[in-house]
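Asker:
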Amino acid sequence: MGEHGEYRPLVRAALLAAGLWAAGAWPAAATCRLALVLALDVSSSVDAQEYELQRTGLAGALNAPEIRHAILKGGKGHVALAIYEWSGRYKQAMLLDWSLLQGHGDIDRAVAALARATRSESEFPTAMGYGLGYAAGLLARAPVCARRVIDVSGDGVNNEGFGPRLAYRHFPLSNVTVNGLVVLGDAPEVLDFYRSEVIRGTNAFVEVASGYDDYRRAMSRKLFREINDIMLGALPGRPDGSIDVADLVGPVAFDPPQRASDLVDPVGAKHALALQPVGVAAE
1 MGEHGEYRPL
11 VRAALLAAGL
21 WAAGAWPAAA
31 TCRLALVLAL
41 DVSSSVDAQE
51 YELQRTGLAG
61 ALNAPEIRHA
71 ILKGGKGHVA
81 LAIYEWSGRY
91 KQAMLLDWSL
101 LQGHGDIDRA
111 VAALARATRS
121 ESEFPTAMGY
131 GLGYAAGLLA
141 RAPVCARRVI
151 DVSGDGVNNE
161 GFGPRLAYRH
171 FPLSNVTVNG
181 LVVLGDAPEV
191 LDFYRSEVIR
201 GTNAFVEVAS
211 GYDDYRRAMS
221 RKLFREINDI
231 MLGALPGRPD
241 GSIDVADLVG
251 PVAFDPPQRA
261 SDLVDPVGAK
271 HALALQPVGV
281 AAE
């Protein structure tokens, strides 16, 4: 790694976790279709009100009937969920350690963990490479699942330490899809940064929230897509690269007045595509 030795301890920790858990710390009978890591930005660019909108927005999204249905009935096997906050280089904090969501009670406990959470940090910059390294360590000790996805939320670009590209080069993140939820605000370059530097892997995409007051809606759409493992392009009559998830789950699932401006940005979606099954890698 040469001059980038600053993150060697994180790499060693992630690799150690992978080695320790290689034999499997979860019951062999526990079939898992998705290991999902949710990474929430708590850097200094996120003020107290925005943090509350993010935390309660995620809780509301997980608690929504259509998301509960997707988790419990969306495919063969269970969903494993972990949630953490990230900001500065070594400033990551667990909100929910790995939990198998096998019934409504498990989802209730995840929502309750978010409801009682208090912000871990508020004064540090945006060290996304370190945040991704932390996610690598989590995935190394996750249940064995058919798919592994990291869901990174944020409102700014990396401004401390190494960035996502170096993280992907050195951490054990092969066969991991990284999606992004961009919260638009004071940093106009953030969407391009997520598109070019953050998302990677099979069917990776960016979901956009117009602000933190739009976070719950955006997270609901993002979770629906990730959990159901569907690749979306533009349906007939919609702008290229856009999709209305309410077309898939019914008109009551999302607030109709907001749906016209909803944006999903699939990788490489420059032309209208019909709804199609997963299976095309988008590196």
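With this note's numbering, the residue at position 76 of the sequence shown is 76, and numbering never jumps.
In this text, a Cβ means the ideal position worked out from N, Cα and C, and glycines have one as well.
1) Just the Cα atoms here: how many angstroms apart are ALA136 and ARG147?
2) According to DSSP, is ILE150 helix, strand or coil?
3) Assuming contact is defined by CB atoms lying nearer than 7 Å, are GLU207 and PRO164 in contact in what I supplied?
4) Looking at the strands, I want to know which residues DSSP matches up with LEU181.
5) Over what stretch of residues does the alpha helix (DSSP H) that includes ARG221 continue unbroken?
6) For VAL42, name the three-state secondary structure that DSSP assigns.
7) How many Å lie between ASN159 and LEU132 at the Cα?
8) Quick one: Cα of GLY74 to Cα of ASN179, how far?
9) Which whole-angstrom value describes the C-beta separation of LEU184 and ALA209, a residue pair presumed to lie in contact below a C-beta threshold of 8 Å?
10) Closest to LYS91 by CA distance: which of VAL190, GLY161 and PHE193 is it?
11) Do VAL176 and GLY156 have their beta-carbon atoms positioned less than 7 Å apart in this structure?
12) Within 10 Å of its beta-carbon, does GLN49 have 16 or more other beta-carbons around it, so buried, or fewer, so exposed?
13) Round the Cβ separation of VAL79 and ILE227 to the nearest angstrom and send it over; I've been treating them as touching at under 8 Å.
14) Measure the Cβ-Cβ separation of TYR212 and ARG119 and say whether it is below 7 Å.
Answerer: The structure says:
1) Those two C-alpha atoms are separated by around 14 Å.
2) In the structure shown, ILE150 sits in a strand (DSSP, three-state: E or B).
3) Taking 7 Å as the Cβ cut-off, GLU207 and PRO164 do not qualify as a contacting pair.
4) SER153 and GLU207.
5) ARG221 -> alpha helix (DSSP H) spans 215 to 228.
6) Residue state, collapsed to three classes: coil.
7) Cα atoms of ASN159 and LEU132: separation of roughly 14 Å, rounded to the nearest angstrom.
8) Between GLY74 and ASN179, the C-alpha separation is close to 19 Å.
9) About 7 Å separates the CB atoms of LEU184 and ALA209; that is less than 8 Å, so the two are in contact.
10) Of the candidates VAL190, GLY161 and PHE193, the one whose C-alpha sits nearest the C-alpha of LYS91 is GLY161.
11) The criterion of a C-beta distance shorter than 7 Å is not satisfied by GLY156 and VAL176.
12) With fewer than 16 Cβ atoms within 10 Å of its Cβ, GLN49 is classed as exposed.
13) VAL79 to ILE227, Cβ: 6 Å. Contact.
14) For TYR212 and ARG119, no; Cβs fall outside 7 Å.
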